[in-house]
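Everything in the sequence shown is counted per full-length UniProt numbering, starting at 1 for the first residue and increasing by one.
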Amino acid sequence: MDTPPRLIDPTGFRKAYIRQPFDEVSRPDYFQIVRVEQVAPRLVVPTLLHRTTYNYLVFLTQGEGRQVHNLDEVTIDAQRLLLVRAGTITAIQAIQPPVAGFFIGFDPMVLDRLLSPVQLQQWLALPAVLPLTAGDVAWCSGLCHLLADEQAQGVLTDAALHLLAGLIIKLLPKATLASTSMSREEQLATQFKQLVYTHCILRKDLAFYADALAISENYLFRCVKTATGKAPKSILLETLVLYARVQLQNTTTDIATIAYSLNLQDPSYFGRLFRKVTGQTPSDYRRAMQDSSG
């Protein structure tokens, strides 16, 4: 059984974390650009962990934000743009006011209209946080203002499509810059984590990941340990627990079902694993989430 963590689309996020009013925006051609300063006062922070069904960029011109991005916690500001791809497990941790900037959200299918196969690979290689030069900031700010002016009721017009394409293509070279600034160990660790996020439910054997990267298991261990300070198996198990944490927020799903959905056939083992990683039992974690959400 391969049941992914709870997915949340744009409308689901708004219902859960933005004080009303809000508009329904879930559709295959979803596109939206909003000013962060307009939505931040209505945002209920911190949000719970959720897995997005859409891509989004957050470009701050003022202020600072902290966000969970899969197993990492990242910080963004006016010199660092956030990229969250569809399928990412994320949560907004904090917003440091005064804050201003732009949120740009769009359906993954939109990328098929914008990018060539080579550019799509560059998109997938982009890190979660993209450093911006002063020139980048000025360019992105001008384009985002044009894009906000062009948007009409969330519809992706031809003009808006070309502006969005310009923004994304402007960012793509940062994939190459990121890879060239990383050591071989860091590159392999990043690729390993990306594979784990995709395959960990069905594949828990490290041989699968070593084969996918065309390296030996010993070399995989050395690279990941050097780059992250953690063993590959630890990252794999922490990712499984991350997926479980998302599902545990749904109080109608029993813990054994969550274990089976992660392809763990022994709920007792799942409980021990969860406690080892988080310091809490699954039941304790669920109760804590219920208490924190009121």
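C-beta atoms are modelled at their ideal positions from N, C-alpha and C, and glycine is treated no differently.
All of these numbers come straight from a predicted model, not from anything done at the bench.
Rounded straight-line distance, which links the Cα of residue j to that of residue i
i	j	result
Val129	Pro232	23 Å
Trp139	Ile104	15 Å
Gln122	Leu188	16 Å
Leu60	Asp266	45 Å
Asp284	Val118	46 Å
Glu186	Val224	7 Å
Ile169	Leu206	35 Å
His162	Arg184	36 Å
Pro21	Ile89	Note that Pro21 scores a pLDDT of 38, beneath 50, so its modelled location is shaky and nothing firm can be said.
Ala134	Gly101	15 Å
Leu172	Glu150	23 Å
Asp72	Ala160	32 Å
Leu213	Leu236	15 Å
Simplified DSSP assignment, three categories, for residue i
i	result
Ala214	coil
residue 375	The requested residue 375 is not part of the displayed model; the chain covers only 1 to 294.
Gln93	strand
Ala100	strand
residue 308	For the chain, the structure presents residues 1 to 294; residue 308 sits outside this window and is missing.
Arg85	coil
Pro232	helix
Arg35	strand
Thr198	helix
Val68	strand
Asp23	Low confidence applies to Asp23: its pLDDT is 44, below 50, so where it sits in the model is not reliable, and the reading given next is rough at best. Asp23 falls in the coil class under three-state DSSP.
Gln62	strand
Val74	strand
Asp291	helix
Leu57	strand
Arg203	coil
Contact under 8 Å by Cβ, residue i with residue j
i	j	result
Asn55	Ala91	no
Ile95	Arg51	no
Val99	Ala148	no
Phe192	Tyr209	yes
Leu81	Leu132	yes
Pro108	Ala178	no
Ala125	Ala165	no
Gln249	Leu49	yes
- Query: Are three or more beta carbon pairs between the region 188 to 204 and the region 31 to 39 nearer than 8 Å?
  - Reply: By the criterion of at least three beta-carbon pairs nearer than 8 Å, the region 188 to 204 is not in contact with the region 31 to 39.
- Message: Is it the case that the region 250 to 261 contacts the region 270 to 281, given that we only count it when at least three CB pairs across the two stretches are under 8 Å?
- Response: Yes, since at least three Cβ pairs between the region 270 to 281 and the region 250 to 261 fall closer than 8 Å, the two stretches touch.
- Query: Given 8 Å as the limit, is there contact between the region 105 to 115 and the region 63 to 73, that is, 3 or more CB pairs closer than that?
  - Reply: Pairwise C-beta distances place the region 105 to 115 out of contact with the region 63 to 73, as fewer than three of them are shorter than 8 Å.
- Message: Is it the case that the region 41 to 50 contacts the region 73 to 86, given that we only count it when at least three CB pairs across the two stretches are under 8 Å?
- Response: By the C-beta criterion, the region 73 to 86 is judged not to be in contact with the region 41 to 50, since fewer than 3 inter-stretch pairs fall below 8 Å.
- Message: Using a Cβ distance threshold of 8 Å, determine whether the region 200 to 216 contacts the region 234 to 249, with at least three qualifying pairs required.
- Response: A contact exists between the region 200 to 216 and the region 234 to 249.
- What beta strand (DSSP E) runs, 3 residues minimum, are completely inside the region 124 to 193? Those beta strand (DSSP E) runs which fall completely within the region 124 to 193 and span 3+ residues are 129 to 131.
- Task: Would you mind listing the alpha helix (DSSP H) stretches within the region 238 to 282 that are 4+ residues and don't spill past its ends, in chain order?
- Result: Complete alpha helix (DSSP H) runs here, min 4: 255 to 261 and 267 to 278.
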